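Trainee: Just add 20 to the spot in the sequence shown (first one is 1) and you have our numbering.
For glycine and all other residues, C-beta sits at the position ideal for the given N, C-alpha and C.
Note that the coordinates shown come from a computational prediction; the quantities given were computed from them, not determined experimentally.
Please read through the structure below; I'll follow up with questions.
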Amino acid sequence: LDWARAGDAERAAAAAGPEGFGLVLAADCVWLPELVDPFLDAVEAVCGPRTLGLLAYQERSARVTARLLGRLRQAFDLDCVHSHPLSHSDGCIRVYQFSAKRRE
21 LDWARAGDAE RAAAAAGPEG FGLVLAADCV WLPELVDPFL DAVEAVCGPR
71 TLGLLAYQER SARVTARLLG RLRQAFDLDC VHSHPLSHSD GCIRVYQFSA
121 KRRE
């Protein structure tokens with residue numbers, strides 16, 4: 021899925037159907053600011069009320085991270101479920117779990 025290419029997210033959403041995919045996995049997909057919105061538009065298009073999402077993410081830019089996590093929190097319930105330090109830098113890889121917001 022190339023989320024920046026016109027029509028790809030729509031085709032994936034059509035394949036997912038109204039309930040969305042059961043599982044969405046994403047790893048190292050967003051590192052530039054201009055990738056955040058197309059990526060999240062595609063994620064939202066293929067997720068349904070019962071979709072479980074997992075995102076493995078290495079922060080490279082505080083600005084990109086803030087935008088990515090901010091938009092994820094607007095659309096989904098979001099939890100960091102794992103953090104793995106990198107031996108070659110001060111950073112880490114975090115795994116986030118996301119799902120449809122619970123109704124209160």
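(1) Using three-state DSSP, classify R114 as helix, strand or coil.
(2) If you draw a straight line from the alpha carbon of D22 to that of D28, how long is it in whole angstroms?
(3) Find the nearest neighbour of A34 within the set E64, R87, A24 and S103, judged by alpha-carbon distance.
(4) Run through the segment 40-118 for me and flag every whole beta strand (DSSP E) of 3 or more residues, listed as ranges in chain order.
(5) Please work out which residues of its chain come closer than 7 Å, Cβ to Cβ, to R83, disregarding the five sequence neighbours upstream and downstream, and give them in chain order.
(6) Pick from A95, L45, R93 and A36: whose alpha carbon is nearest that of L72?
(7) Taking A120 as the reference, give the member of L75, A95, H102 and D57 with the closest Cα.
(8) Indicate the three-state DSSP secondary structure (helix, strand or coil) for A34 in the structure shown.
(9) Nearest-angstrom Cα distance between L89 and A62?
Mentor: Taking the coordinates as given:
(1) strand
(2) 6 Å
(3) E64
(4) 41-47, 67-78 and 96-105
(5) P53
(6) L45
(7) A95
(8) helix
(9) 15 Å
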